[in-house]
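Quick notes on the structure that follows.
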Amino acid sequence: MMSRAERTPLTDWWWTVDRGLLAALGALMVAGLVFLMGGGPPVAERIGLPTFYFLNRQALYLAPTILLIVAVSFLSLRHVRRIALVTWLLGVVLCVLAGKFGPEIKGAHRWIQFGSFGLQPSEFVKPAFVVVAAWAFSEGAQRRDMPGGFLAILLLPITIVPLILQPDFGQTMLITIVWCALFFVAGLHWFWVAGLGALGLIGVFTAYTFLHHVRERITRFLDKDSGDSFQEFWSRESFRSGGWFGTGPGEGVAKRHLPDAHTDFIFSVTGEEFGVLVCLGLVALFAFIVMRGLKLARRTDDTFSRLAITGLTTLFGLQACINMAVNTRLMPAKGMTLPFVSYGGSSLISLALGMGFLIALTRKRPRVTMLSQKPPGTAPATVAGVMR
374 MMSRAERTPL TDWWWTVDRG LLAALGALMV AGLVFLMGGG PPVAERIGLP TFYFLNRQAL
434 YLAPTILLIV AVSFLSLRHV RRIALVTWLL GVVLCVLAGK FGPEIKGAHR WIQFGSFGLQ
494 PSEFVKPAFV VVAAWAFSEG AQRRDMPGGF LAILLLPITI VPLILQPDFG QTMLITIVWC
554 ALFFVAGLHW FWVAGLGALG LIGVFTAYTF LHHVRERITR FLDKDSGDSF QEFWSRESFR
614 SGGWFGTGPG EGVAKRHLPD AHTDFIFSVT GEEFGVLVCL GLVALFAFIV MRGLKLARRT
674 DDTFSRLAIT GLTTLFGLQA CINMAVNTRL MPAKGMTLPF VSYGGSSLIS LALGMGFLIA
734 LTRKRPRVTM LSQKPPGTAP ATVAGVMR
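Quick note: the sequence shown uses this note's numbering, first residue 374, plus one each step.
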């Protein structure tokens with residue numbers, strides 16, 4: 374046990390960090406390994422890899438993931454902002470390069486190849502964009518001479534245009550919704566909320582009209598007889614087959630038909646082999662992280678921290694909701710991973726960066742307060758630090 378009397382960076386971190394968030398994130402990582410034991414082997418065998426290739430790689434990725442979460446959570450608010458800004462700038466540049474020179478995978482150019490190592494820069498843009506946008510909004514709210522609102526508005530097209538050109542409409546939609554949430558929390562009038570909603574609908578209609586693959590996905594979702602809908606069929610069949618208690622670990626059938634059973638459709642595999650009750654437990658775990666984050670955001674007095682915590686929590690929860698909605702056929706396929714559960718190196722490391730930011734921002738920090746009144750016989754009023 375770490376004593377409060379010991380004044381070391383590690384003990385200070387332990388007694389100021391939110392241990393509930395840490396425990397929930399650790400539980401998600403362990404659950405991801407367990408569920409990947411079912412979803413990974415069929416995909417690996419189908420493409421000629423060792424049976425537990427994806428499981429072993431996921432376990433290997435978890436070591437730097439945990440180290441990154443802990444390392445980033447030590448950062449001060451100033452360093453969080455600086456690292457987020459640098460990451461966002463590099464990420465946007467890499468997104469542009471991926472769109473122009475990256476390999477084509479499933480009709481899109483989203484990856485940068487460094488030899489045998491592949492990187493999806495849009496994954497790293499997401500948490501960094503949230504922090505930078507929150508920074509801009511907070512500066513605009515606190516300083517009249519700072520055009521923070523204008524900068525925050527400018528950040529959105531700079532970020533999503535390279536994603537649209539790849540094209541990656543799933544990440545574009547996710548980033549835009551989180552930005553709108555930040556705009557609302559920062560004090561946007563309801564009139565502008567309605568305006569942003571109308572622009573979003575226009576954007577969806579435009580994509581449906583002019584982009585063939587978007588139109589195909591939406592049409593296939595609305596009418597299962599309009600085209601090849603085997604992913605949707607087997608995803609739905611997995612929950613029907615698993616029932617409340619599941620068929621048992623390794624006994625699923627749908628995973629042998631789902632091409633992305635280890636990534637986009639890991640939730641379906643979990644439903645078939647472990648049952649709906651386990652899926653509900655997983656939903657509850659995600660809900661706990663989201664509610665805990667929003668509760669901590671509400672408690673903080675710092676505008677930047679409140680906006681950034683809200684944005685990062687919304688990003689995390691919304692990505693999980695989209696993945697689970699696709700798996701349960703509540704929305705068209707988006708190609709989005711389930712945080713810390715789906716296989717993926719870029720996804721894990723980017724999530725580690727985002728959750729490291731979240732834990733750093735939610736740590737209890739000294740709050741400077743002016744003592745305007747002094748008891749008789751004491752020294753003049755001074756500045757005192759109060760833990761929040």
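C-beta: ideal position from N, C-alpha, C; glycine also.
Through-space distance from residue j to residue i, alpha-carbon basis
{"i": "D391", "j": "T582", "result": "46 Å"}
{"i": "E461", "j": "G616", "result": "It is Trp, not Glu, that sits at residue 461 in the sequence shown. For W461 and G616, the distance between alpha carbons rounds to 43 Å."}
{"i": "L618", "j": "T701", "result": "Note on residue identity: the sequence assigns Phe, not Leu, to residue 618. Rounded to whole angstroms, F618 to T701 spans 17 Å at the Cα level."}
{"i": "R517", "j": "G412", "result": "53 Å"}
{"i": "E496", "j": "F427", "result": "19 Å"}
{"i": "V465", "j": "I526", "result": "16 Å"}
{"i": "T549", "j": "F557", "result": "12 Å"}
{"i": "L685", "j": "M519", "result": "24 Å"}
{"i": "V756", "j": "G399", "result": "Confidence in V756 is poor, its pLDDT being 41 and thus under 50, which makes the residue's placement too unreliable to answer from."}
{"i": "L726", "j": "L401", "result": "16 Å"}
{"i": "L528", "j": "A506", "result": "7 Å"}
{"i": "R679", "j": "E605", "result": "38 Å"}
{"i": "F638", "j": "L470", "result": "29 Å"}
{"i": "R761", "j": "S611", "result": "In this prediction, R761 has a pLDDT of 46, which is less than 50 and means its spatial position is unreliable; nothing more can be read from the coordinates."}
{"i": "G623", "j": "R430", "result": "19 Å"}
{"i": "R483", "j": "R380", "result": "46 Å"}
{"i": "S614", "j": "L650", "result": "14 Å"}
{"i": "K747", "j": "L731", "result": "Its pLDDT being 47, under 50, K747 is placed unreliably by the model, and nothing is read from it."}
{"i": "F474", "j": "Q486", "result": "9 Å"}
{"i": "R672", "j": "K628", "result": "43 Å"}
{"i": "V699", "j": "F578", "result": "20 Å"}
Contact under 7 Å by Cβ, residue i with residue j
{"i": "G625", "j": "V642", "result": "yes"}
{"i": "F661", "j": "A481", "result": "no"}
{"i": "G405", "j": "F713", "result": "yes"}
{"i": "A733", "j": "V453", "result": "yes"}
{"i": "F647", "j": "L711", "result": "no"}
{"i": "Y716", "j": "L467", "result": "no"}
{"i": "R736", "j": "T389", "result": "yes"}
{"i": "A554", "j": "T687", "result": "yes"}
{"i": "A501", "j": "A432", "result": "no"}
{"i": "L538", "j": "Q544", "result": "no"}
Extent of the continuous beta strand (DSSP E) to which residue i belongs
{"i": "L492", "result": "490–492"}
{"i": "F638", "result": "Segment: none, F638 is in no beta strand (DSSP E) and carries neither H nor E."}
{"i": "F487", "result": "485–487"}
Residue i - containing alpha helix (DSSP H), residue span
{"i": "Q544", "result": "542–558"}
{"i": "F659", "result": "649–672"}
{"i": "L731", "result": "718–735"}
{"i": "Q431", "result": "426–446"}
{"i": "M709", "result": "M709 -> no alpha helix (DSSP H), and no H or E assigned at all."}
{"i": "W386", "result": "382–389"}
{"i": "Q539", "result": "Segment: none, Q539 is in no alpha helix (DSSP H) and carries neither H nor E."}
{"i": "R392", "result": "392–419"}
{"i": "F689", "result": "676–700"}
Residue i Cβ short of 6 Å to the ligand PLP heavy atom set
{"i": "V466", "result": "Among the ligands in the structure shown, none appear at all, so the ligand PLP cannot be discussed."}
One or two residues paired with residue i in a DSSP bridge
{"i": "A365", "result": "The chain is shown only over 374 to 761; residue 365 falls outside these bounds and no answer can be derived."}
Legend entry - Stretch-stretch touch, CB-based, cutoff 8 Å, three pairs: the region 630–639 with the region 647–667: No, they do not touch.
Inset, instruction - Flag this pair as touching only if the region 665–674 and the region 438–445 have three or more C-beta atom pairs under 8 Å; answer yes or no. - result: The region 665–674, when compared against the region 438–445, does not touch it at the 8 Å Cβ threshold.
Legend entry - Cβ contact (3+ pairs, closer than 8 Å) linking the region 685–703 and the region 508–515: Two segments are said to touch when three or more pairs of C-beta atoms, one from each, lie closer than 8 Å; by this definition the region 685–703 does not touch the region 508–515.
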